[in-house]
Amino acid sequence: MDITLQSPAGTVVTLSTDNGAGNDNVYNGTTWDVNANPAGAVPYATNNGVTTDHTYVNLTTATPLTAEESLSAFMGEDPNGTWTLTVSDDLAGDGGSLDAFTLNITTGVAPCLAITCPANVRSYCRWGPVPLRSRLLALTGDPGCGAITCDATSGGSFNLGGTNVTCTAAAGPTCNFSVTVADAEAPVMTCPGNIVTQPTSVQGATVLFATPTVTDNCPGVGAATCAPASGSIFPTGLTNVSCAATDAATNAGACAFSVSVGQNVSIPVLNSLGLFALIAMVLGFGWARRQSL
59 MDITLQSPAG
69 TVVTLSTDNG
79 AGNDNVYNGT
89 TWDVNANPAG
99 AVPYATNNGV
109 TTDHTYVNLT
119 TATPLTAEES
129 LSAFMGEDPN
139 GTWTLTVSDD
149 LAGDGGSLDA
159 FTLNITTGVA
169 PCLAITCPAN
179 VRSYCRWGPV
189 PLRSRLLALT
199 GDPGCGAITC
209 DATSGGSFNL
219 GGTNVTCTAA
229 AGPTCNFSVT
239 VADAEAPVMT
249 CPGNIVTQPT
259 SVQGATVLFA
269 TPTVTDNCPG
279 VGAATCAPAS
289 GSIFPTGLTN
299 VSCAATDAAT
309 NAGACAFSVS
319 VGQNVSIPVL
329 NSLGLFALIA
339 MVLGFGWARR
349 QSL
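Just so we're aligned, residue 59 is where the sequence shown starts under this note's numbering, counting upward by one.
See below:
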């Protein structure tokens, strides 16, 4: 018995050629399944799941069977339309008859060959207490892949820098992509106001000031440093203080303020001789002024 199946697109697949010998009704209810012989290996010594190897028994349905030609030839075609099943009995001297044939097509789930990860993701830190987040795009895969899980969660937190993400389908295939969290913003610094003071020694004045505040859009910013540092001796006059801080991405923030140390006018302290000399000078100045009048 010869059996072929033609798709609406015109593709013809041979299901069986000259199999079954003189046995009756061996294809009465046969399921043609490409997975009927999942463990078979070529060459087949004997395998009842293979059409050409099956041991046919009179009035016993041979099922399931793999077709002589693979049904995968129909993959990718539109299944809608007219399918044609051709059955012929070419055994010489056969006096039997073909009573009826029907065709029921059951589509299966395609095997999971691969899953597709989103393209590499690049995100940036943002201001506020919300953790660093990067929104991942949807994963795709064949229908038979089952659930897809990743070792990082969409919407989860990612550290500054690069993170490799691996996703795995329940059926086995995997894919990878990377999430890079970058920091392109410098820390924001606030310095104390300008300071005005008086000298406390001939060198100037020892000045203490508050450490500048530092905020950044990403965690990991370093402490502020200033030059001259708090507690330094500032000389008389105006001195500019420069402060800086660097974050984990080496972005640098800066601010500045001034320290002004004034110059005291000292009044000499006179002893008795000096006081007499000053009085005599004043009196002499007054007498000389009267003489001139």
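Each residue gets a CB set at the ideal place from its N, CA and C atoms; glycine is no exception.
Asked	Found
For F25, the three-state DSSP class (helix, strand or coil)	Nothing about residue 25 can be reported from this structure: the residues present for the chain run from 59 to 351 only.
Residue closest to A177, alpha-carbon to alpha-carbon, out of I291, C225, Q64, A131	C225
Pair within 8 Å by beta-carbon distance, A125 and L73	yes
Meets three-Cβ-pair contact criterion under 8 Å: the segment 112-132 and the segment 79-89	yes
Boundaries of the beta strand (DSSP E) in which I253 is found, first to last residue	253-255
DSSP state of G199 mapped onto helix, strand, coil	strand
Neighbour-count burial assignment, S65, 16 or more Cβ in a 10 Å radius	buried
Beta bridge counterpart(s) of M247 as assigned by DSSP	V272
Rounded straight-line distance, which links the Cα of P201 to that of L143	28 Å
Whole runs of the beta strand (DSSP E) within the segment 268-317, excluding any shorter than 3 residues	271-273, 283-285, 295-304
Inter-residue CB distance, I173 and A228 (contact presumed, cutoff 8 Å)	That pair is no contact at about 10 Å.
I163, buried or exposed, once every other Cβ within 10 Å from all chains shown has been counted against 16	exposed
Start-end ranges of the beta strand (DSSP E) lying completely within the segment 65-94, minimum 3 residues	70-74
Bridge partner(s) assigned by DSSP for G262	S259
Residues of its chain near C301, where Cβ-Cβ distance is below 6 Å and the 5 sequence neighbours each way are ignored	C249, P270, A282, C284, C313
Burial state of L123, where buried means 16 or more other Cβ atoms lie within 10 Å	buried
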